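K.L.:
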Amino acid sequence: MVRYGVEATELIRIRRSWRTFQEQPLTQDHTKNLTSFIEDLDPPPFGTGIRFELIDTGSTLKRFSGTYGVAKGARTFLAGAAHPGTRTEEDFGYLFEAILLRATELGLGTCWMGGTFNSGFFADRILRTADEIIPAVSPVGYPASARSVVDSLFAASAGSRRRKPGESLFFTERFGVPLDVENHPYRIPLEMVRLAPSASNRQPWRILATGDVFHFFVQRSLGYKALFREVDMQRIDLGIAMLHFELGSSELGLGGRWEEHDPALNDLPARTQYIVSWVPD
1 MVRYGVEATE
11 LIRIRRSWRT
21 FQEQPLTQDH
31 TKNLTSFIED
41 LDPPPFGTGI
51 RFELIDTGST
61 LKRFSGTYGV
71 AKGARTFLAG
81 AAHPGTRTEE
91 DFGYLFEAIL
101 LRATELGLGT
111 CWMGGTFNSG
121 FFADRILRTA
131 DEIIPAVSPV
141 GYPASARSVV
151 DSLFAASAGS
161 RRRKPGESLF
171 FTERFGVPLD
181 VENHPYRIPL
191 EMVRLAPSAS
201 NRQPWRILAT
211 GDVFHFFVQR
221 SLGYKALFRE
231 VDMQRIDLGI
241 AMLHFELGSS
251 ELGLGGRWEE
261 HDPALNDLPA
271 RTQYIVSWVP
281 D
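In the numbering used here, the protein residues as written are 1 to 281.
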């Protein structure tokens with residue numbers, strides 16, 4: 001279980017994607033704190049082995065292009081490498097988001113960058129092997145006093161703070177029947193899922209509650225998977241959603257575990273795929 005010094009739900013609510021940084025390295029204390037947090041992480045839900053590393057570029061990267069925009073002034077980056085597998089992306093999203101929330105707790109700025117960035121620079125520094133992938137990276141640094149013009153444009157165009165309403169994401173017994181989130185014991189964990197970041201803000205997660213079990217699905221955006229050759233970005237999004245749901249549940253004392261418990265529905269919406277289930281203790 002991932003733990004923080006403050007309520008995780010507060011970190012989820014306050015975290016913002018940040019692409020404009022002060023041109024300075026992380027302090028020793030912040031580097032040590034994040035490194036220790038990474039080393040102490042428990043295995044992710046599906047047990048994938050993933051290596052994470054904080055990379056000091058040695059000099060400021062004036063411009064770093066990636067799927068989600070441009071990081072200006074960043075010197076330190078978080079990168080992770082893993083072997084491709086059936087659940088690699090979910091586990092990567094789960095752990096990477098956990099680290100970014102820790103950075104948020106320390107007052108540091110971060111921004112998910114995945115899919116189309118040139119990974120060669122980071123592959124050399126993380127000593128990536130030939131059969132590993134780097135699903136995403138993030139700048140980690142001290143936010144500048146104001147966003148750059150490019151940062152502001154990307155934030156506005158992505159609509160990153162806009163979220164779909166719960167009735168289009170969470171259902172009960174069958175798809176098409178909205179779950180009454182406001183009066184549900186899991187209202188906070190579900191809200192934490194709704195607030196989760198996602199690639200291009202597509203918010204592909206769908207949750208179906210049957211009895212006391214929550215089934216997580218990905219509803220794919222048409223043509224989106226074909227944009228990325230090595231990495232399934234929307235499965236990374238599901239890993240982020242899983243972490244948020246688990247953190248919200250833990251905060252309420254609602255224990256549970258992740259299991260593959262496919263309800264085997266015959267009437268799934270188009271492009272919808274089962275991922276995993278949360279089974280309460």
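Heads up, the beta-carbon is just placed ideally off N, CA and C, and yes, glycines get one too. Here the structure is a predicted model, which means the values were calculated and not measured.
1. Could you please give me the residues that DSSP links to Phe214 through a beta bridge?
2. Considering only their Cβ atoms, is the gap separating Gln22 from Ala144 smaller than 9 Å?
3. Can you tell me which residues form a DSSP beta bridge with Val137?
4. Once you ignore the five residues that flank Trp18 on each side, which residues in its own chain have a CB closer than 6 Å to its CB?
5. Within 8 Å, do at least three Cβ pairs link the stretch 122-135 to the stretch 1-15?
6. Taking just the CA atoms, how far does Glu167 sit from Asp180?
7. Restricting to runs no shorter than 4 residues, where is the alpha helix (DSSP H) found entirely within the stretch 229-258?
8. Around the C-beta of Leu190, are 16 or more other C-beta atoms found within 10 angstroms, so that it is buried, or is it exposed?
9. If you draw a straight line from the C-alpha of Ile50 to the C-alpha of Phe37, how long is it?
10. Report the rounded CA-to-CA distance for Met1 versus Ala98, giving the unit in angstroms.
11. What ranges does the alpha helix (DSSP H) occupy inside the stretch 16-57, keeping only unbroken runs of at least 4 residues that lie completely in it?
12. Once the 5 residues before and after Leu247 are set aside, which same chain residues still bring their CB inside 6 Å of it?
13. Just reading off the beta strand (DSSP E) that Val177 is part of, what are its end residues?
14. Can you tell me whether DSSP reads Pro269 as helix, strand or coil?
P.N.:
In this structure, then:
1. Ala209, Trp278
2. yes
3. Ala79, Met113
4. Gly109, Cys111, Pro143
5. no
6. 8 Å
7. 233-251
8. buried
9. 14 Å
10. 10 Å
11. 28-39
12. Ala8
13. 174-178
14. coil
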